[in-house]
Amino acid sequence: MALAEIDDTCSLCSKYYEDPVVIECGDSFCRSCITQFWKNERKRTCPKCKEDIEDNELRSNSHLAKLAKMCKEMDTIHYKLAKCTRCEKHKRPLFHFCKTDQRFICKVCKGEEHESHDVEHSMSVVYNHMIDVQEHLEPLKWHLEDLLYCKSRQEKDCEDLKKNIEAQRIKILSEFEEINQLLNREKHVLLKRLDMTEKMITQKLGENVSRLQNECTSLDKIITEIDEKLNESPVNLVKNVQRLLKRCDSVTLLEPHRERAECNQNFYSAPRQFMVLKEILKAFQVVPANITLNKKSANCNLQVSSDKKSVKWTKEKKPTPRNAGFNKSKGEQRFDTLPCVLGSPGFSSGRHYWEVQVDVTGDWAIGIAKYWVSRIGRVRLSASGGIWAIRHNIGQYFVLSTPPIRLTLSERPRKIRLYLDMEIRQLSIYNADSKEHIYTFDLSSSKSFLPFFWTMCEKEIRLL
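With full-length UniProt numbering, letter number 404 in the sequence shown gets 404, and the count goes up by one each step, no holes.
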């Protein structure tokens, strides 16, 4: 059916349909037109066919709405074509497009040199190109909506996080109100760690909000530029259509990333802190263990001091003794691959603590290992491999686990205190100077443990 034959105007206002609706008899009108018409009538009838209307429901006519929109766009195209540059030869409007020569022509040109060419009406060509560009533009608009939604949710996450942090701050303050001076010191340590957590997470969320805003701005700019091109001369549109399509397709539409805004509430709960404080007090009441390094367990790249109190890594590998086999009764077997060494004595009961000076910038790890920990090949540095330790590498601290857990410390420890409680089967690690709790391991059912050291530092780490 030709466009001229389509009923695209409302019989009441004689204009293109606005929000068209269908009434009981099947005729269509603008919603506002038919509503206003019936206000002035005693009895509802169809303005067109005069049939009585008993059903008051006005059903939207989406097909007619799309048709009216298309007709409006075609009128706009026709108006722009009439106003744009005319044929240089015949001075007539360029109402036709030669697909063979890919240029606009007038009616006279069509009947002359373009008679045998593939020619279409300009409105049809321009409209099809507009639809093509709009289809490519639609995913960009959807993605912009996703970005804006993700940004708004991330901003809400920031606010929720601040409220959560503030609530925990108040909780910590109230729980430590009646505690003595020693407990007060631990309270301030916890608050400092909490502030650092807030700063770290808020910074991460803020950076993501900024990144989302930049993506929104960039994408909105592209959409605006392309929208402006669609409103330019049809000649320019057709001329630049491929560039516009490439411009749309060149945008990489990645799923908006929303950072997790979480703060472990249990980590700062009172029962946990009281337990940590009790362990700190116990650590001060226990006589320190006299730990020495077992040279026979040391990797060949490690150099143990003569007093067996310090160890460092060397580039030159010492020759392995010919008869350095494994003596099960004495636990004598060296680590053949990893730069590790064990300490002695081992522990199977009681409470013990020892301190290690780690005022070095290299790669090291300290903790405990099962008595019969594997020392051949690539030892698994985690609880599943029989090792419970923390590691320092490139200014960062980790729990040796699968996967590693990153630790956030308020300051870089120079001395580490390890407190082993075989009664409750826990290893707790602290900053020996500030008394800051670093981490607590729950141990497996192993009966005995040995101090464990791992280092690639050319400067020695020392037992105190």
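Every residue, glycine too, gets a C-beta built ideally from N, C-alpha and C.
Rounded C-alpha distance that separates E259 from Y149: Our two residues, E259 and Y149, have alpha carbons roughly 13 Å apart in a direct line.
Minimum C-alpha distance to E186 - residue among K435, K239, L443: Closest option to E186, Cα to Cα, is K435.
C-beta atoms of E113 and H96 nearer than 9 Å: Against a cut-off of 9 Å, the Cβ pair of H96 and E113 comes out as no contact.
Contact between the stretch 136 to 151 and the stretch 210 to 226 (3+ Cβ pairs under 8 Å): Using a Cβ-Cβ distance cut-off of 8 Å, the stretch 136 to 151 and the stretch 210 to 226 are in contact, since at least three pairs of beta carbons, one from each stretch, lie closer than that value.
Best match in N236, L400, Q396 for proximity to G386 [C-alpha to C-alpha]: Of the candidates N236, L400, Q396, the one whose C-alpha sits nearest the C-alpha of G386 is L400.
L464 beta carbon less than 9 Å from that of Q357: Yes, they are a contact pair.
Straight-line Cα distance separating E145 from K39: Whole-angstrom Cα-Cα distance: 41 Å.
When C10, R59, D359 are compared against T37, the one with the closest alpha-carbon: The sequence given here places Phe at residue 37; Thr does not occur at that position. Selection C10, R59, D359 evaluated against F37 yields C10 as nearest (Cα-Cα).
Whole-angstrom C-beta distance between L64 and Y17, which should lie under 8 Å: Confirmed, Cβ separation roughly 6 Å.
Proximity to K312 [Cα-Cα], best of C13, K141, K89, E458: Ranked by Cα distance from K312, the options C13, K141, K89, E458 are led by E458.
Three-state secondary structure (DSSP) of F104: Strand.
Closest residue to P403 among R412, S384, V238 (Cα-Cα distance): Looking at R412, S384, V238, the one whose alpha-carbon comes closest to that of P403 is S384.
Straight-line gap, I461 to I376 (C-alpha atoms, nearest Å): Counting only the Cα atoms, I376 lies some 23 Å from I461.
Beta carbon of S306 nearer than 9 Å to that of V341: No, the pair does not count as a contact, with Cβ atoms beyond the cut-off.
Nearest neighbour of K163, chosen from H188, T202, W364 [CA to CA]: Nearest C-alpha to K163: T202.
Sequence-distant residues of the same chain with beta carbon closer than 8 Å to E355, five excluded per side: Excluding the 5 residues flanking it on each side, E355 has same chain C-beta neighbours closer than 8 Å at P288, K415, I416, R417, L418, A432, L463, L464, in chain order.
Short Cβ contact (9 Å threshold) for H129 with V241: Remark: C-beta atoms of H129 and V241 approach each other more closely than 9 Å.
Proximity test, G343 beta-carbon vs the ligand SAH heavy atom, cut-off 8 Å: Ligands displayed in this structure: none; no statement on the ligand SAH is therefore possible.
Secondary structure of I291, DSSP reduced to three states: Here I291 sits in coil by DSSP.
Cβ neighbours of V125 in the same chain (closer than 6 Å, five flanking residues each side left out): Annotation for V125: F97 place their beta carbon closer than 6 Å to its own, counting only its chain and skipping 5 residues before and after.
N301 to N393 span [Cα, whole Å]: When rounded, the distance between both Cα atoms is 19 Å.
Complete runs of the beta strand (DSSP E) confined to the stretch 414 to 464 [at least 3 residues]: Entirely contained in the stretch 414 to 464, the beta strand (DSSP E) runs reaching 3 residues are, in chain order, 415 to 421, 426 to 431, 437 to 442, 449 to 455, 461 to 463.
Beta-ladder partner(s) of K370, from DSSP: BP columns for K370 point to F449.
For R412, the nearest candidate out of I438, E423, R425, A389 (CA to CA): When each option's Cα is compared against that of R412, the closest is I438.
Other residues of its chain near P271: CB distance less than 8 Å, five sequence neighbours each side excluded: Confidence in P271 is poor, its pLDDT being 48 and thus under 50, which makes the residue's placement unreliable; the coordinate value appears in the next sentence. So the list is empty, once near-sequence residues are dropped.
G111 burial status per 10 Å Cβ neighbour count (16 or more: buried): G111 sits exposed, since fewer than 16 C-beta atoms from the chains shown fall within 10 Å of its C-beta.
Through-space distance from M123 to D27, alpha-carbon basis: Here the C-alpha atom of D27 lies approximately 29 Å from the C-alpha atom of M123.
Counted within 10 angstroms of its Cβ, other Cβ atoms place F452 as buried (16 or more) or exposed: So F452 ends up on the buried side.
Local Cβ density within 10 Å of I405, reported as buried at 16 or more and exposed below that: With fewer than 16 other CB atoms across the displayed protein chains lying within 10 angstroms of its CB, I405 is exposed.
Helix, strand or coil at D52 [DSSP, three-state]: DSSP places D52 within a strand segment (E or B) once states are collapsed to three.
Cβ-based neighbour list, K328, same chain, cut-off 8 Å, excluding 5 preceding and 5 following: Any reading at K328 needs caution, since the residue's pLDDT is 45, under 50, leaving its predicted position unreliable; the model's value is listed next. Closer than 8 Å at the Cβ level, and outside the excluded window around K328, lies no residue.
Assigned secondary structure, V251 (DSSP; H/G/I helix, E/B strand, else coil): In the structure shown, V251 sits in coil (DSSP, three-state: anything other than H, G, I, E or B).
Exposed unless 16 or more other CB atoms sit within 10 angstroms - verdict on C49: Burial call: exposed.
Burial state of G331 (16 or more Cβ within 10 Å): Low confidence applies to G331: its pLDDT is 47, below 50, so where it sits in the model is not reliable enough to give any reading.
Minimum C-alpha distance to R247 - residue among K221, L254, N231, K308: The residue with the shortest Cα to Cα distance from R247 is K221.
Simplified DSSP assignment, three categories, for A365: DSSP, reduced to helix, strand and coil, places A365 within a strand of the structure shown.
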